[in-house]
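S.K.:
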Amino acid sequence: MRADLSRRFGRILRGGADVSRLPEAIRRRIAERDWANERLLRAIQLLMICFFSLLYALSPKTFEAGSLSPTPFVLAAYFVLAVIGLVWGYLREPPDWASYVSIIFDFALLYGLIISFHHQYAQPASFLLKAPALLYVFIFIALRTLRFNPKFVIFAGLVAAAGWGAVIVYVRQVDPSEFVLTRSYVEYLTSNALLIGAEVDKIISMLAVTAVLALAVNGSRSLLITAVTEEAAATGLSRFFDPGVARAIRAGEHQPIPGTAQREAAAIMNLDIRSFSRIAEQCEPDAVMRVLAAYQGRVLPIVHARNGMIDKFLGDGIMVTFGLGTDSESYAADAIACAEAVLADLKGWADLPEMQALRQPLAIGIGISSGTVSWGVVGRDERLELTVIGPAVNLSAKIEKCNKAFGSTCMVDAETWRLAQAQGYRGRFEARHVAARIDGADGQIGAVILTLP
Numbered sequence: 004m005r006a007d008l009s010r011r012f013g014r015i016l017r018g019g020a021d022v023s024r025l026p027e028a029i030r031r032r033i034a035e036r037d038w039a040n041e042r043l044l045r046a047i048q049l050l051m052i053c054f055f056s057l058l059y060a061l062s063p064k065t066f067e068a069g070s071l072s073p074t075p076f077v078l079a080a081y082f083v084l085a086v087i088g089l090v091w092g093y094l095r096e097p098p099d100w101a102s103y104v105s106i107i108f109d110f111a112l113l114y115g116l117i118i119s120f121h122h123q124y125a126q127p128a129s130f131l132l133k134a135p136a137l138l139y140v141f142i143f144i145a146l147r148t149l150r151f152n153p154k155f156v157i158f159a160g161l162v163a164a165a166g167w168g169a170v171i172v173y174v175r176q177v178d179p180s181e182f183v184l185t186r187s188y189v190e191y192l193t194s195n196a197l198l199i200g201a202e203v204d205k206i207i208s209m210l211a212v213t214a215v216l217a218l219a220v221n222g223s224r225s226l227l228i229t230a231v232t233e234e235a236a237a238t239g240l241s242r243f244f245d246p247g248v249a250r251a252i253r254a255g256e257h258q259p260i261p262g263t264a265q266r267e268a269a270a271i272m273n274l275d276i277r278s279f280s281r282i283a284e285q286c287e288p289d290a291v292m293r294v295l296a297a298y299q300g301r302v303l304p305i306v307h308a309r310n311g312m313i314d315k316f317l318g319d320g321i322m323v324t325f326g327l328g329t330d331s332e333s334y335a336a337d338a339i340a341c342a343e344a345v346l347a348d349l350k351g352w353a354d355l356p357e358m359q360a361l362r363q364p365l366a367i368g369i370g371i372s373s374g375t376v377s378w379g380v381v382g383r384d385e386r387l388e389l390t391v392i393g394p395a396v397n398l399s400a401k402i403e404k405c406n407k408a409f410g411s412t413c414m415v416d417a418e419t420w421r422l423a424q425a426q427g428y429r430g431r432f433e434a435r436h437v438a439a440r441i442d443g444a445d446g447q448i449g450a451v452i453l454t455l456p
């Protein structure tokens, strides 16, 4: 137990949780947050000195007119240093030593201001021990919590305690003839006498507040590192999902539980590259992957712009859903509009550098169907996948393959076509109704071949 406490205390003194083993990108994000908090700290310091200056300007003066008071000079020095620190914080990320120096200046100027009181008010040095400005010591210690690093809080607390000890020594040495020790609390409060116990209590309070804040900051820093790490992991993981699914993962809106599903009306679209197996045989592997990347890079933005969600990549195929999780009332119309946009964009694919390895323009097939589907998560906790099942899913895949029999590019079942028109589709597609024989279906079904003029 003692060894564990010793290690924990040593880690706090070194700055809390160790980030040296984290990936560079995560360390950079943590450093950026530290930098932003340092700028906030500097801005608060500047506001505080402005507040001090305002209080001094409004407070009644007890010294004679024309006499020299050190207080304005101390305030001016603090103001200049606060401005320099703030500007530096915006120009570049300050190193740790700059924070340590800033802490020393903070307390040196504060205690210098307190020491100036007995000169300003022509009182014995012990007069300054009653100065209410001492309360700002705790504010200066608390300010260092903004860096989410306990080592700065600890250093500030130690400097504060040591500084007040130096003030007590100053009181004892600067005016020994007026120095009076007392054991009476009443005399201490009503005179310039010094009560050692009261001053020790102040130092103990500083160290106690420092310890509590350091422990709190250490825990907060650990949470910050965990949050940044998990956010980076979620961001990286979300690259493998559709943006809509990724947002849900990152926001934690839905916990994926294998074996649960929802039923919704949706449209399913399957896209496939024609003769891709032959393309893969004729081209180098790198060229094949570049073709796939270029093809997907053109299709995905079009899908997302039409409220589609990528369900999965099937080699050279893409399965897209419309209406899942969105309560959309235009899912069929969105699917048809997406197919139209893809085919319109297809005309420019031949000019892409990645397509130059092909011996002929890339051709695709599109199949669309709609209906009530079930969707949810399958797999185990360490490997989950979102999937959609239902007759519309199977039918869209079969309709896509049926394009080959008609020499067409885009085909949709007749019911989905009527539904899309009812939902407001008024695009450029020219429709030709046909009777199509679908593998696994009894007889023929009504289908519509869609072509662009």
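Numbering (our numbering), first residue to last: 4 to 456.
Note that the Cβ used here is the ideal one computed from N, Cα and C, for glycine as well.
Bear in mind the structure is a predicted one, so any value in this text is a computation, not a measurement.
#1: Kindly confirm or deny that the stretch 333–352 and the stretch 268–282 touch, where touching means at least three C-beta pairs closer than 8 Å.
#2: Shortest alpha-carbon distance to residue 427 belongs to which of 338, 437, 327?
#3: Determine which residues share a DSSP beta bridge with residue 378 and list them.
#4: Exposed or buried, which one is residue 436 when buried takes at least 16 other CB atoms within 10 Å?
#5: Within 8 Å, do at least three Cβ pairs link the stretch 135–153 to the stretch 197–204?
#6: Could you pull the start and end residues of the alpha helix (DSSP H) that residue 311 belongs to?
#7: Pick from 359, 133, 176: whose alpha carbon is nearest that of residue 298?
#8: Pairs of beta-carbons, one from the stretch 408–425 and one from the stretch 305–325, closer than 8 Å: are there three or more?
#9: Would you report the Cα separation of residue 153 and residue 115, rounded to the nearest angstrom?
#10: Using C-beta distances below 8 Å, list every residue in its chain close to residue 160, excluding the 5 sequence neighbours before and after it, in chain order.
#11: What separation, rounded to the nearest whole angstrom, lies between the Cα atoms of residue 157 and residue 187?
#12: Evaluate residue 313 with the Cβ neighbour count: other Cβ atoms within 10 Å of its Cβ, from every protein chain shown; 16 or more gives buried, anything less gives exposed.
#13: Rounded to whole angstroms, what is the Cα-Cα separation between residue 432 and residue 448?
#14: Between residue 46 and the rest of its own chain, which residues show a CB-CB distance below 8 Å, the 5 nearest in sequence each way excluded?
#15: How do the stretch 76–88 and the stretch 96–112 stand: do at least 3 beta-carbon pairs fall below 8 Å, yes or no?
#16: Give me, in chain order, the residues of the same chain whose beta-carbon lies closer than 6 Å to that of residue 451; leave out the 5 immediate sequence neighbours on both sides.
#17: On a Cα-Cα basis, can you pick out the residue from 398, 423, 430 that is closest to residue 439?
#18: Kindly indicate which residue of 194, 168, 177, 221 has the alpha-carbon position closest to the one of residue 204.
#19: Which of the three DSSP states, helix, strand or coil, is assigned to residue 325?
#20: With burial defined as no fewer than 16 other Cβ atoms inside 10 Å of the residue's Cβ, what is the status of residue 164: buried or exposed?
#21: For the beta strand (DSSP E) that contains residue 418, what are its first and last residues?
#22: Between which two residues does the alpha helix (DSSP H) holding residue 146 run?
#23: What's the call for residue 292, buried or exposed, on a 16-neighbour Cβ count within 10 Å?
#24: With a CB to CB cut of under 6 Å and the five nearest residues on each side skipped, what residues in its chain are close to residue 166?
#25: What are the boundary residues of the beta strand (DSSP E) that residue 439 is part of?
#26: With DSSP as the reference, please indicate the residues paired to residue 184 in a beta bridge.
#27: So what does DSSP say about residue 453, is it helix, strand or coil?
#28: In terms of residue numbering, what span does the alpha helix (DSSP H) encompassing residue 286 cover?
#29: Work out the CA separation of residue 349 and residue 336 for me, nearest whole Å.
#30: Express the C-alpha separation of residue 357 and residue 429 in angstroms, rounding to a whole number.
#31: Whole angstroms are fine: how far does the CA of residue 280 sit from the CA of residue 316?
#32: Is residue 404 closer than 9 Å to residue 442 when the C-beta atoms are compared?
#33: Thinking C-beta only, is residue 128 closer than 9 Å to residue 77?
#34: Measuring CA to CA, which of 86, 95, 192 is closest to residue 134?
#35: Which residue comes first and which comes last in the alpha helix (DSSP H) that contains residue 160?
M.R.: In terms of the structure at hand:
#1: yes
#2: 338
#3: 265, 391
#4: Per the 10 Å Cβ criterion, exposed.
#5: no
#6: Note, residue 311: premise wrong, no alpha helix (DSSP H); beta strand (DSSP E) at 311–317.
#7: 359
#8: Remark: fewer than three beta-carbon pairs, one from each stretch, lie closer than 8 Å, so the stretch 408–425 and the stretch 305–325 are not flagged as touching.
#9: 26 Å
#10: Only residues of its own chain outside the window of five on either side were considered, and among them 144, 209, 210, 212, 213, 214, 216, 217 have a CB closer than 8 Å to the CB of residue 160, listed in chain order.
#11: 33 Å
#12: Residue 313 is buried by the Cβ-count criterion.
#13: 21 Å
#14: Hits under 8 Å: 89.
#15: yes
#16: Closer than 6 Å at Cβ, skipping near neighbours: 415, 417, 420, 434, 436.
#17: 398
#18: 168
#19: strand
#20: The C-beta of residue 164 has 16 or more other C-beta atoms within 10 Å across all chains shown, which makes the residue buried.
#21: First-last for residue 418: 417–425, but that is the alpha helix (DSSP H), not the beta strand (DSSP E).
#22: 139–146
#23: exposed
#24: Within the same chain, residue 166 has close Cβ partners 110, 114.
#25: 433–440
#26: 197
#27: strand
#28: Residue 286 -> no alpha helix (DSSP H), and no H or E assigned at all.
#29: 20 Å
#30: 34 Å
#31: 16 Å
#32: yes
#33: no
#34: 192
#35: Here the alpha helix (DSSP H) through residue 160 covers 153–177.
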